[in-house]
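The sequence shown runs 5 to 149 under the working numbering.
Note that beta-carbon positions come from the ideal geometry of N, C-alpha and C, so glycine has one too.
Just so we're clear, the structure is a prediction, and the values are computed from it rather than from any experiment.
Data first, discussion second: the structure below is written as structure tokens.
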Amino acid sequence: MADVFHATGFKRTLDLFKNGRFEEGEILLKTLQDEYLAVCEENEALKSQLNEVAEVLDLAERVEYDGQKYWLNEDGTRKGPFCQLCYDRDGILVHLQSHGTHWECQSCNSIFMAPKPSRKPTKLETPGKVAPKKTIPLFLERELG
Ligand SMILES: [Zn+2]
5 MADVFHATGF KRTLDLFKNG RFEEGEILLK TLQDEYLAVC EENEALKSQL NEVAEVLDLA
65 ERVEYDGQKY WLNEDGTRKG PFCQLCYDRD GILVHLQSHG THWECQSCNS IFMAPKPSRK
125 PTKLETPGKV APKKTIPLFL ERELG
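Spelled out as structure tokens, the structure:
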């Protein structure tokens with residue numbers, strides 16, 4: 005184990021120098037230095053991983069789900085909407101392009117129907133054309149043509 009090696013390595017190096025075995029001491033010291041640098045590198049990697057996680061958590065706190073799409077609260081303003089599928093799958097916010105009656109994701113081509121004021125917003129527009137096996141409600145396959 006590296007920890008054990010560290011704990012004993014310094015003492016061993018000291019002993020070697022005390023006993024006049026300078027060349028062996030130098031070799032051991034070099035090994036310890038390499039290990040130290042590797043630990044520093046690992047530490048930096050862990051730090052940046054931690055930052056990434058913190059950013060993801062921070063984003064998750066500011067993201068709002070309206071039952072269909074995501075919105076981002078940024079300094080009191082609501083930005084979006086963003087694609088539900090892309091965020092849930094990849095953790096990235098992809099802006100939806102507005103097409104009047106629906107929004108479209110340019111990344112995964114998902115279509116999000118815009119709710120009509122006179123109708124219940126949860127109703128699908130074309131129930132007959134909805135592809136089977138859809139697990140995500142309110143998510144329609146892009147119609148070709
Ligand atoms: Zn998408």
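Go through its chain and collect everything with a Cβ distance to residue i's Cβ below 8 Å, but skip five positions before and after it.
i, result
"A42", "none"
"V98", "F86, C87, C90, Y91, C109, Q110, S111, C112"
"D70", "P85"
Which of the three DSSP states, helix, strand or coil, is assigned to residue i?
i, result
"R66", "helix"
"R25", "coil"
"Q37", "helix"
"K73", "coil"
"C90", "helix"
Whole-angstrom Cβ separation of residue i and residue j, contact assumed at under 8 Å?
i, j, result
"C87", "L100", "6 Å"
"F116", "Q72", "6 Å"
"L33", "R16", "Not a contact, Cβ separation roughly 10 Å."
Could you please give me the residues that DSSP links to residue i through a beta bridge?
i, result
"T154", "Because the chain here runs from 5 to 149, residue 154 falls outside it and cannot be looked at."
"C109", "L100"
"R82", "N77"
Once you ignore the five residues that flank residue i on each side, which residues in its own chain have a CB closer than 6 Å to its CB?
i, result
"T105", "A118"
"T35", "none"
Does the Cβ of residue i have 16 or more other Cβ atoms within 10 Å, making it buried, or fewer, making it exposed?
i, result
"S114", "buried"
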